[in-house]
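In my numbering, each number is its position in the sequence shown, counted from 1, plus 42.
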Amino acid sequence: MLHLIFFLFSGLVSAQGLFDKMKEKESKKKIVKTGPYFGVQSGKFYAGEIGVERQWKQGKLMSPNTHALHFGVNYTYDFSRWNPVLGYDIGYWFRKSNVGLTWGGSLCMRSNFEDYRFGIVPTIGYKVWQVHIQTGYHILYPFKNSDPNSFVTNTLFLSARFVLVNDRDVKKKDN
């Protein structure tokens with residue numbers, strides 16, 4: 043009986059060593075995905091979005107970190123006032139595991155083709171497969187506008203984006 047316990051225990055120890063080696067090999071991989079995205083932003087107004095996103099993900103099974111950069115253009119149109127607003131966003135988001143919230147932010151510029159405003163956009167979201175749902179708040183400068191009806195843009199918003207991954211690379215680190 044003692045031999046059987048010793049045999050099982052030594053098998054578990056060697057299996058743990060194999061698992062650690064496999065985990066070490068996985069952590070040396072990095073998965074890089076790039077592609078265009080399209081989406082819609084909803085708040086006080088609707089805005090269509092298009093852009094490009096690049097994601098870097100650790101090639102490990104348990105709790106891989108994902109980082110992403112994106113650049114996009116959005117267009118808001120208020121049909122009741124004939125007042126379009128064009129926007130540009132460049133941003134970053136981060137996720138700590140396969141399932142969890144994304145945390146990020148963007149720098150933005152909005153223009154109604156007469157005036158322009160710059161700002162920052164803190165965001166929080168959730169990503170499943172290639173669909174990314176985010177909510178955030180545009181903090182735009184100048185804060186006070188002379189005519190609030192002349193510049194229609196969302197402050198608090200909810201957006202849904204779909205990324206079409208058209209380039210996927212697995213990079214291995216040499217250590």
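Cβ atoms here follow ideal geometry from the backbone N, Cα and C, with glycine treated the same way.
Kindly indicate the opening and closing residues of the beta strand (DSSP E) around residue i.
i, result
"Phe136", "Asn125 to Arg137"
"Pro78", "Lys71 to Ser84"
"Gly101", "Element bounds for Gly101: n/a, residue is neither H nor E."
"Asn116", "Thr108 to Asp120"
"Leu9", "Because the chain is modelled from 43 through 217, residue 9 falls outside the range shown and cannot be assessed."
Since I believe residue j is in contact with residue i (beta carbons under 8 angstroms), could you give me their beta-carbon distance rounded to a whole number of angstroms?
i, j, result
"Gly90", "Pro78", "With a Cβ gap of about 13 angstroms, Gly90 and Pro78 do not count as contacting."
"Lys138", "Ser105", "7 angstroms"
"Gly101", "Asn116", "About 33 angstroms separates the two Cβ atoms, so there is no contact after all."
"Tyr179", "Pro164", "6 angstroms"
"Gly114", "Tyr134", "Not really, about 13 angstroms apart at Cβ, beyond 8 angstroms."
"Lys99", "Arg210", "No, Lys99 and Arg210 are not in contact; Cβ-Cβ is about 10 angstroms, not under 8 angstroms."
"Leu149", "Ile166", "Not really, about 17 angstroms apart at Cβ, beyond 8 angstroms."
Buried or exposed: residue i, going by 16 or more other Cβ atoms within 10 Å of its Cβ?
i, result
"Phe199", "buried"
"Val194", "buried"
"Arg152", "buried"
"Gly142", "exposed"
"Thr197", "exposed"
"Val212", "exposed"
"Glu95", "buried"
"Ser122", "exposed"
"Val205", "buried"
"Ser84", "exposed"
"Lys86", "exposed"
Quiz item: Which parts of the stretch 145–188 are runs of the beta strand (DSSP E), unbroken and 3 residues or longer, counting only runs that do not cross its ends?
Solution: 158–170, 173–179 and 181–183
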